[in-house]
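Worksheet: one structure, shown below.
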Amino acid sequence: MKKAGLIICLLLLIGCKSKTVSRDTEDLKIKKVSGADVNANQQRKAYDLGKRVLETCNTSKFKPFNETEVTKSVMENTTEERLTKTCQRFRQYYGSFIDLKLDGVYKTKHEVIYRYHALYTKKVANKELRIFVNEDNLISAIKSMDWDEKFDAKLADQ
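In terms of UniProt numbering, the sequence shown has 58 at position 58, counting the first letter as 1, and numbering is strictly consecutive.
What follows is the structure in structure tokens.
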């Protein structure tokens, strides 16, 4: 009886294959968008919201986002406490925030990415801010990171 149970278990294990997840590589591709193809209203919205976040570091006052501007997850993750913590570090290392300079607009299958060079008073600051806008024209992500000089070159390798 034990042998029959063991054989059945082995057959079940052999018969169960793990599923392979196929991912469409088109979803991952990023393409640069020419200036003529950029939605001016969307670009202004991305700039205004990005600037609003970084100006919080100068003023210590944050006007919360609403559901017509950003996705629910961005709204939940962009809290005054989190911004204050980030701003303390940024002000110490980079000085006061000055402005955003658009470096490029990129498109994936589902989002438009606005890549800004964040300008600060200290010359050592070399930061970028990426604003992701989804198909519903809502900001779906805001990312701050070190400036990547080779970003466009990496796109050519795709």
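Don't be surprised by glycine CBs; every beta carbon is placed ideally from N, CA and C.
Taking the beta carbon of residue i as the centre, do at least 16 other beta carbons fall within 10 Å, making it buried, or is it exposed?
{"i": "Ala-118", "result": "buried"}
{"i": "Glu-67", "result": "exposed"}
{"i": "Tyr-116", "result": "buried"}
{"i": "Tyr-93", "result": "exposed"}
{"i": "Thr-56", "result": "buried"}
{"i": "Ala-36", "result": "exposed"}
Hey, residue i and residue j are a contact pair by Cβ (cut 8 Å); roughly how many whole angstroms apart?
{"i": "Phe-97", "j": "Tyr-120", "result": "6 Å"}
{"i": "Val-105", "j": "Val-38", "result": "5 Å"}
{"i": "Leu-100", "j": "Lys-51", "result": "6 Å"}
{"i": "Thr-108", "j": "Ile-30", "result": "6 Å"}
Secondary structure at residue i, three-state DSSP: helix, strand or coil?
{"i": "Phe-97", "result": "strand"}
{"i": "Val-33", "result": "strand"}
{"i": "Ala-153", "result": "helix"}
{"i": "Lys-127", "result": "strand"}
{"i": "Leu-10", "result": "Residue confidence for Leu-10 is low, a pLDDT of 40 falling below 50, so the modelled location carries little weight and cannot support an answer."}
{"i": "Lys-61", "result": "coil"}
{"i": "Asn-39", "result": "coil"}
Go to residue i, then tell me how far its beta strand (DSSP E) extends in each direction, as first and last residue.
{"i": "Asp-146", "result": "139 to 146"}
Assuming residue i is part of the alpha helix (DSSP H), what are its boundary residues?
{"i": "Asn-77", "result": "72 to 77"}
{"i": "Glu-67", "result": "It is not in any alpha helix (DSSP H) - Glu-67 carries neither H nor E in the DSSP assignment."}
What does residue i pair with, by DSSP beta-bridge criteria?
{"i": "Val-112", "result": "Lys-107 and Val-133"}
{"i": "Ala-118", "result": "Leu-100 and Lys-127"}
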